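Every position in the sequence shown, counted from 1, becomes a number in the numbering used here once 3 is added. Even for Gly, the Cβ is constructed at its ideal location relative to N, Cα and C. The structure presented is a predicted model; accordingly, all values stated were derived computationally and were not measured.
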Amino acid sequence: MEEVPSSRPWVVIPTYNEVDNIGPMLGAVLAAVPEAHVLVVDDGSPDGTAAAVRAVSERDERVRLLAREQKTGLGGAYRDGFKVAISEGATSVVEIDADFSHDPAAIPALLAALDDGAALAIGSRYVLGGRSPGLSRERLALSRGGNLYAAFMLGLPVRDATAGFRAYRTDVIHEVGFRSSRADGYGFQVELTRLVNDAGYRIVEIPITFRDRRAGTSKMSAKIVVEAMVLCTIWGIGRRFPWLNEQRQEALIDRLGAVVDRGARLWSTRR
Ligand SMILES: Nc1nc2c(ncn2[C@@H]2O[C@H](COP(=O)(O)OP(=O)(O)OP(=O)(O)O)[C@@H](O)[C@H]2O)c(=O)[nH]1
Ligand SMILES: [Mg+2]
4 MEEVPSSRPW VVIPTYNEVD NIGPMLGAVL AAVPEAHVLV VDDGSPDGTA
54 AAVRAVSERD ERVRLLAREQ KTGLGGAYRD GFKVAISEGA TSVVEIDADF
104 SHDPAAIPAL LAALDDGAAL AIGSRYVLGG RSPGLSRERL ALSRGGNLYA
154 AFMLGLPVRD ATAGFRAYRT DVIHEVGFRS SRADGYGFQV ELTRLVNDAG
204 YRIVEIPITF RDRRAGTSKM SAKIVVEAMV LCTIWGIGRR FPWLNEQRQE
254 ALIDRLGAVV DRGARLWSTR R
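#1: Less than 8 Å between the C-beta atoms of A254 and V193, yes or no?
#2: State yes or no: is the beta carbon of D264 nearer than 8 Å to at least one beta carbon in chain C?
#3: By DSSP, does W238 sit in helix, in strand, or in coil?
#4: Please go through the same chain and pick out, in chain order, the residues whose beta-carbon is closer than 8 Å to the beta-carbon of L247, but skip the five residues on each side of it.
#5: Just list the residues that DSSP pairs A170 with in beta bridges.
#6: Roughly how many angstroms lie between the CA atoms of L69 and D45, to the nearest whole one?
#7: Who are the near neighbours of Y81 in its chain, counting only those whose CB is closer than 8 Å to its CB and skipping five residues on each side?
#8: For the alpha helix (DSSP H) containing D23, name the first residue and the last one.
#9: Is it the case that the CB of A164 approaches a heavy atom of ligand 1 more closely than 7 Å?
#10: Look at the alpha carbon of A166 and the alpha carbon of D63, and state the distance between them as a whole number of angstroms.
#11: Below 8 Å on the Cβ atoms is my contact criterion, and I expect S48 with E21 to pass it. Report the Cβ-Cβ distance as a whole number of Å.
#12: Check R82 in the structure and name its three-state DSSP category.
#13: Which partner residues of V207 appear in the DSSP bridge assignment?
#14: Taking the straight line between their C-alpha atoms, what separation do you get for H105 and K74?
#15: If we ignore side chains and look at the alpha-carbon of each, how far apart do R243 and S271 end up?
#16: Going by CA-CA distance only, name the one from N150, A101, L33 and A261 that's closest to M232.
#17: In the DSSP assignment, what are the bridge partners of W13?
#18: Are at least three pairs of beta-carbons, each pair with one atom in the segment 214-227 and one in the segment 194-206, less than 8 Å apart?
#19: Relative to the C-alpha of E72, which candidate in A116, V59, H177 and Y19 has its C-alpha closest?
#20: Closest by CA to S90, which one among R142, A202, R11 and C235?
#21: Under a Cβ-count criterion, where at least 16 other Cβ atoms within 10 Å of its own Cβ denotes burial, should E61 be classed as buried or exposed?
#22: What is the residue span of the beta strand (DSSP E) that A70 lies within?
#23: Please output, in chain order, the residues near ligand 2 using a CB cut-off of less than 7 Å to any non-hydrogen atom of the ligand.
#24: D119 by DSSP, collapsed to three states: which one?
#25: For L195, report the span of its alpha helix (DSSP H) as first-last.
#26: Which partner residues does R134 have in the DSSP bridge list?
#27: Is it true that the CB of D118 sits closer than 8 Å to the CB of S9?
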């Protein structure tokens, strides 16, 4: 049989303190895509998320755990998860949050879009039919504003470039160099969208309903918002002004990153 992106899908779920969500989430994902493998990338959650996943993985060989020691952000968790999935032969990878903001029942539609020729299928809140009743007015404004800014700066033909529910062809993310991507927070979503788009591949958006997290607490922080803004600004200027070449962009990102880290540390010690 001809190999299509949906032949061997791996669903990658990053977790930090999601013990009340992860069991039901694994069940819901496997009910939606029984042929998939599910890889949970846990960053040393103190609440026992990893142990809960390990218990399921002992009964079901489709479920795997990648236990990282420290919480170093969504970007790194996905990079490491994608490397494992690719080394195990995945033809596609799906990103989904553990907290039920994304409905696993929509995964087959994302995979079908890959089989129809997209390199990246985004579960989008901001295309016709998409909804986000789970976002407060403030979060919605931040998300929409951030998306408009990213699309403008980077020339992305996408309404929801920050969305964390999506599917990629693995040959494409390998080719465009996801391994050297650098965002730690949800800027990672924008960064990969940009790499795929700049390489000329097709991106489609499938409308989804984004709901409030079911249990647990949000890991959103000012630091990851600032990181995404800094990255979009530098990459956007680099697109327009050749003087800001890749090497200079890297140097500037490192320097500003250090400033943001110091600011975040000061902020947390003062409060
Ligand atoms: N491995 C890992 N997972 C993370 C990290 N930060 C967040 N996550 C997971 O990434 C997913 C998205 O994080 P959320 O806290 O839900 O972020 P959010 O959706 O922007 O915030 P809410 O809407 O308030 O839930 C969840 O499954 C988190 O557990 C991290 O540093 N490492
Ligand atoms: Mg969430």
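A quick look at the data gives this:
#1: If you number the sequence shown from 1, residue 254 lands on position 251. If you number the sequence shown from 1, residue 193 lands on position 190. Taking 8 Å as the Cβ cut-off, A254 and V193 do not qualify as a contacting pair.
#2: As a matter of chain content, chain C is missing from the structure shown, which is built from one protein chain.
#3: As a first step, residue 238 is located in the sequence shown; it is residue number 235 there, counting from the start. The answer is helix: DSSP assigns W238 an H, G or I state.
#4: As a working note, residue 247 is residue 244 in the sequence shown. Counting only Cβ-Cβ distances below 8 Å, and skipping sequence neighbours, we find I237, I240, G241 and L255.
#5: The sequence position of residue 170 within the sequence shown is 167, counting from 1. Note: A170 sits in a beta bridge opposite V97 and A124.
#6: By one-based count along the sequence shown, residue 69 stands at place 66. By one-based count along the sequence shown, residue 45 stands at place 42. If you take the alpha carbons of L69 and D45, they lie about 6 Å apart.
#7: Against the sequence shown, residue 81 aligns to sequence position 78. Closer than 8 Å at the Cβ level, and outside the excluded window around Y81, lie V15, P17, V44, E98 and F191.
#8: Here residue 23 refers to the residue found at position 20 of the sequence shown. For D23, the enclosing alpha helix (DSSP H) covers residues V22 to A35.
#9: The sequence position of residue 164 within the sequence shown is 161, counting from 1. False, no ligand heavy atom lies under 7 Å from that Cβ.
#10: Working through the sequence shown from its first residue, we reach residue 166 at position 163. Working through the sequence shown from its first residue, we reach residue 63 at position 60. If you take the alpha carbons of A166 and D63, they lie about 29 Å apart.
#11: To locate residue 48, count along the sequence shown from 1; it is residue 45. To locate residue 21, count along the sequence shown from 1; it is residue 18. Contact flag correct, Cβ pair sits at about 7 Å.
#12: Start at 1 with the first residue of the sequence shown, and residue 82 comes out as number 79. Correct three-state label for R82: helix.
#13: Mapped onto the sequence shown, residue 207 falls at position 204. Under DSSP, V207 forms a beta bridge with A124.
#14: Here residue 105 is taken as the residue at index 102 of the sequence shown, counted from 1. Here residue 74 is taken as the residue at index 71 of the sequence shown, counted from 1. So the alpha carbons of these two residues sit roughly 22 Å apart.
#15: Within the sequence shown, residue 243 is the residue found at index 240, counting from 1. Within the sequence shown, residue 271 is the residue found at index 268, counting from 1. R243 and S271: Cα-Cα distance of roughly 36 Å.
#16: Within the sequence shown, numbered from 1, the residue matching residue 232 stands at position 229. For M232, the nearest C-alpha among the options comes from N150.
#17: By one-based count along the sequence shown, residue 13 stands at place 10. In DSSP, W13 forms a bridge with H40 and V96.
#18: no
#19: The residue labelled residue 72 in the question sits at position 69 within the sequence shown. The option with the nearest alpha carbon to E72 is Y19.
#20: Locating residue 90 in the sequence shown gives position 87, where the first residue counts as 1. Checking every option, the nearest Cα to that of S90 belongs to R11.
#21: The sequence position of residue 61 within the sequence shown is 58, counting from 1. With fewer than 16 other Cβ atoms inside 10 Å of its own Cβ, E61 counts as exposed.
#22: Working through the sequence shown from its first residue, we reach residue 70 at position 67. It spans V66 to R71 - the beta strand (DSSP E) in which A70 sits, taken as one unbroken run.
#23: D100, D102, S104, R216 and S221
#24: Sequence index remark: in the sequence shown, residue 119 carries index 116 (1-based). Of the three classes helix, strand and coil, the one that applies to D119 here is coil, per DSSP.
#25: Numbered from 1 along the sequence shown, position 192 holds the residue referred to as residue 195. G190 to D201 is the extent of the alpha helix (DSSP H) around L195.
#26: The residue labelled residue 134 in the question sits at position 131 within the sequence shown. Looking at the DSSP assignment, R134 forms a beta bridge with T212.
#27: Here the question's residue 9 lines up with position 6 in the sequence shown. Here the question's residue 118 lines up with position 115 in the sequence shown. Contact: yes.
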